[in-house]
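Protein chains in written order, with the numbering used here: chain A, 16 to 181; chain B, 4 to 782.
All C-beta atoms in this analysis are idealised placements derived from N, C-alpha and C, irrespective of residue type, glycine included.
All values reported here derive from a predicted model rather than from experimental measurement.
Structure (structure tokens):
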């Protein structure tokens, strides 16, 4: 009982999914049908943020989005966050997470990186409470968030200084 | 390898020769950091095979029932279903367990907790697997569940092994001091709710049949070899036919010390002849692993009029749930550390861990010491109040130190800087300010507290725990070091669960062998002995020590060989920055030149032996000890019952810091789990049923809930016998943070708050003692 073929663009590459069941989430299609396992499944109900991706520029929990609803959409996942269009090279937020020690088990990391990247796009110099609120939909069980907040500060500072130099 | 695509051979740790070697004490970066930020790191739920089936588990909806009828036929009749198995399909041991094999692989006629596995299926799609589970016919006859731990001992046994997992009756010192009229005493009853480890990466894995009757299991776990032995016993296979490999672990915190889906996956793979993957949903995960034991604890402390502790009496009742797991060891820790890091010359502590029809409980970060720390620190504050003493001064006056005797009769021979961590923490200046923004008040964005009603409180607490396994357990870790063509290959079965062992390996190799050319083999049960569990704050000491010793042995063998070749004393030679020095004529070959013929050394590392507790709970049962201090500052809206933890300050006994950045991560992350237990985290169990098995209803701290964690001091007093003098640091932060937060809420509200987590109703609806009902409104 496969649904209509699904056409969507993920990280700039077109995909045609022909065998998805109607109820499959975007997360399931990304992970199990397109082999993009970087988006994680940890709660299935939009509470933990591990599955965060962008759909047409908006941050969503991909576990809550029906794949069928993304037909014709442009999806960006952690695999597409890299600093150039091929996905190679680390984005500034990725490098900042490494430099600040924000990664432990790493399961929440892809979703957090998507959220932080969006935050800094929207607000290049967020204050502490703004950052905390922006990532409060992304649960992390290892770090207590201290190094993650440090990483956000680091990435914001680096974006700011690279903007200044241009 | 079995053709499992997503088990990526990322050469973690392999860097070029031009990179400087990491050393002990460096902020060395995680070698798995890059794949973790790019999404390339393969967690156990990411495993994929083009022929794989999806497994599913049918679980009991009843906490206690007899199974009258079980029929998997209707599931097998569905298209796309390849297997549906019950207890009759378990070829080997029908039960398993870490301490005793009392837990059925699949229920055989009776279920003892809600969520107990009854049947398993393999199907072509997760949705097919779910339909197959729905199609299985089970007739249950519910029987009254034993859910009150206080009734367990006197109730009919709910398991052939009885309802008591363990009783420890600890007696220490002069037992006749009770009744002395010159003593001040305080008494309290305390309760700790059931906490979940709430790792983010769900239980998951893949079993791949080898076509020859054996099986490869790729799974997220804390202890590969203990899993392997239990799985092999249940499959009825010799242990070399069952090979476990560590799949990427999304956090553990104790919840992966027991088996979960391991045997089920292997049964399904062997039955279908195909790779089978399973990944629990969050709801299933809450039912699929053990939790922190709920505890009820009665305490009475006696002190003389100047504040010297004279005696402590306690009764500890730990609810182990339906199966044993590690209840016995948890209870031992709770009992041994029940009085905290204080000199207590006389003690009588009775600890009991019982079986009920509640969810099984076992290991979680802090392992028994968390529960009793909440109680003994509340008692210390009560005692200070009764004596009219400053609570920090009372703690300092009674603080244990090296040379003192514990209530188990064991003398502390290693480092134990209790006064140092207490003074550093309590004396650290606070950076906490009164927040202007409503968002920063109790309740945050949702239920913003009125600024005029917010009261502030502050408290300090100490935590105390053993490091490594205790009571005579033969605890070991094996590591192998091979140096070939200048590349150091380390093999260890140590489970990396996020703590940073993979980083430490590179630092140890850099320190001992002076090179950054390091390959850490994937952890597995093949070709290497057990590394023991990634728990009990033990892997840095045990497996770090094994790696250190293996590297030193390889270096020694290499230098001995070269010394023989050049007919010089081996003692003249050394290995400095990747070069052999000390040879005649200034000749100094590189490690690459020197190891064209490889050297290999394997070491099994053991810590100093311990002994079991005797019938009075006495004995040198522990290897080493660690202490931590937390100071919490909280804002409370007493009318709404809302709490915001404004600031946490900590000082910790660390022995020696090996990687400052990773250490900070442990201190912050551990404290977050303690904050969670203090004010929000509880697996709510009613009538044996979990009421909040989701991340919507089981709350863990978010970035808005966690305060900044100020590290006042990492107290470095190297531990004798520990590799590099380092103590395990992962558990302590979770132990003392909870009582500090609750102590601060007590100081803000004047309420007794004898139970964690402290819920809004515990504050807002509390009967306020008129004497204490006027907490000072902070300016």
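Taking the CB atoms as reference points, tell me whether residue 324(B) and residue 376(B) lie closer together than 8 Å. no
Could you please give me the residues that DSSP links to residue 638(B) through a beta bridge? 459(B), 647(B)
Going by DSSP, which residues form a beta bridge with residue 139(B)? Bridge partners of residue 139(B): none, in fact.
If I'm right that residue 130(B) touches residue 36(A) with Cβ under 8 Å, what's the distance once you round it to whole angstroms? Going by Cβ atoms, the distance from residue 130(B) to residue 36(A) rounds to 6 Å, so yes, they are a contact pair.
Classify residue 57(B) as helix, strand or coil using the three-state DSSP reduction. strand
Do you know how far the Cα of residue 674(B) is from the Cα of residue 737(B)? C-alpha separation (whole angstroms): 5 Å.
Spell out whether any CB of chain B is found under 8 Å from the CB atom of residue 66(A). Answer no: the Cβ-Cβ gap between residue 66(A) and chain B never drops below 8 Å.
Residue burial classification, residue 417(B) (beta-carbon count within 10 angstroms, cutoff 16): Classification of residue 417(B): buried, given that the 10 Å Cβ count is 16 or more.
What residue range does the alpha helix (DSSP H) around residue 720(B) cover? Taken as a continuous stretch (DSSP letters only), residue 720(B) belongs to no alpha helix (DSSP H), as it is neither H nor E.
List the residues of chain B that residue 57(A) touches, going by C-beta distances under 8 Å, in chain order. 203, 204, 205, 253, 285, 698
Terminal residues of the continuous alpha helix (DSSP H) containing residue 131(A)? 124–137
With distances taken Cα to Cα, identify the nearest neighbour of residue 137(B) among 458(B), 166(B), 61(B). When only C-alpha atoms are compared, the closest one is 61(B).
Chain A contacts from the region 450–479 of chain B (Cβ-Cβ distance under 7 Å): From the region 450–479 of chain B, no residue has a Cβ closer than 7 Å to chain A.
Taking the CB atoms as reference points, tell me whether residue 566(B) and residue 556(B) lie closer together than 8 Å. Cβ atoms of residue 566(B) and residue 556(B): not closer than 8 Å.
Taking just the CA atoms, how far does residue 26(B) sit from residue 17(B)? A caution first: residue 17(B) carries a pLDDT of 40, below 50, which makes its placement in the model too unreliable to give a value.
Count the other C-beta atoms from every protein chain shown that fall within 10 angstroms of the C-beta of residue 493(B), then say buried if there are 16 or more, exposed otherwise. buried
From the DSSP output, which residues share a beta bridge with residue 106(B)? 99(B)
Residues bridged to residue 364(B) (per DSSP): 294(B)
May I have a chain-ordered list of the beta strand (DSSP E) segments no shorter than 3 residues that lie completely inside the region 50–87 of chain A? 67–70, 73–76
Residues of the region 290–310 of chain B whose Cβ lies closer than 7 Å to any Cβ of chain A, in chain order: none
Going by DSSP, what residues sit across from residue 320(B) in a beta bridge? 299(B), 355(B)
Determine, using beta carbons only, whether residue 138(B) comes closer than 8 Å to chain A. no
Less than 8 Å between the beta carbons of residue 327(B) and residue 478(B), yes or no? no
Using a Cβ-Cβ cut-off of less than 9 Å, list which residues of the region 32–45 of chain B approach chain A; keep chain order. 32, 33, 35, 36, 37, 38, 39, 40, 41, 42, 43, 44, 45
Taking contact to mean 3 or more Cβ pairs, one atom from each stretch, closer than 8 Å, check whether the region 167–175 of chain A and the region 119–136 of chain A are in contact. Because the criterion of three Cβ pairs below 8 Å is met, the region 167–175 of chain A and the region 119–136 of chain A touch.
Tell me where the alpha helix (DSSP H) around residue 401(B) begins and ends. 394–401
Would you mind telling me which residues of chain A sit closer than 8 Å to residue 198(B), beta carbon to beta carbon, in chain order? What residue 198(B) touches in chain A: nothing, since even the nearest Cβ is about 12 Å away.
On the DSSP bridge list, what partners appear for residue 219(B)? 211(B), 246(B)
For residue 265(B), the first and last residue of its enclosing alpha helix (DSSP H): 265–275
Per-residue DSSP class, three states only, for residue 662(B): coil
Between residue 162(A) and residue 117(A), how many whole angstroms is the CB-CB distance? I'm expecting something under 8 Å. 4 Å
Would you call the region 745–757 of chain B in contact with the region 631–651 of chain B, where contact means no fewer than 3 C-beta pairs closer than 8 Å? yes
Per-residue contacts from residue 709(B) into chain A (C-beta, under 7 Å): 159, 160
Can you have a look at residue 178(B) and say buried or exposed, based on whether 16 or more other CB atoms are within 10 angstroms of its CB? exposed
What are the boundary residues of the beta strand (DSSP E) that residue 492(B) is part of? 490–495
Can you tell me whether residue 70(B) is helix, strand or coil according to DSSP? strand
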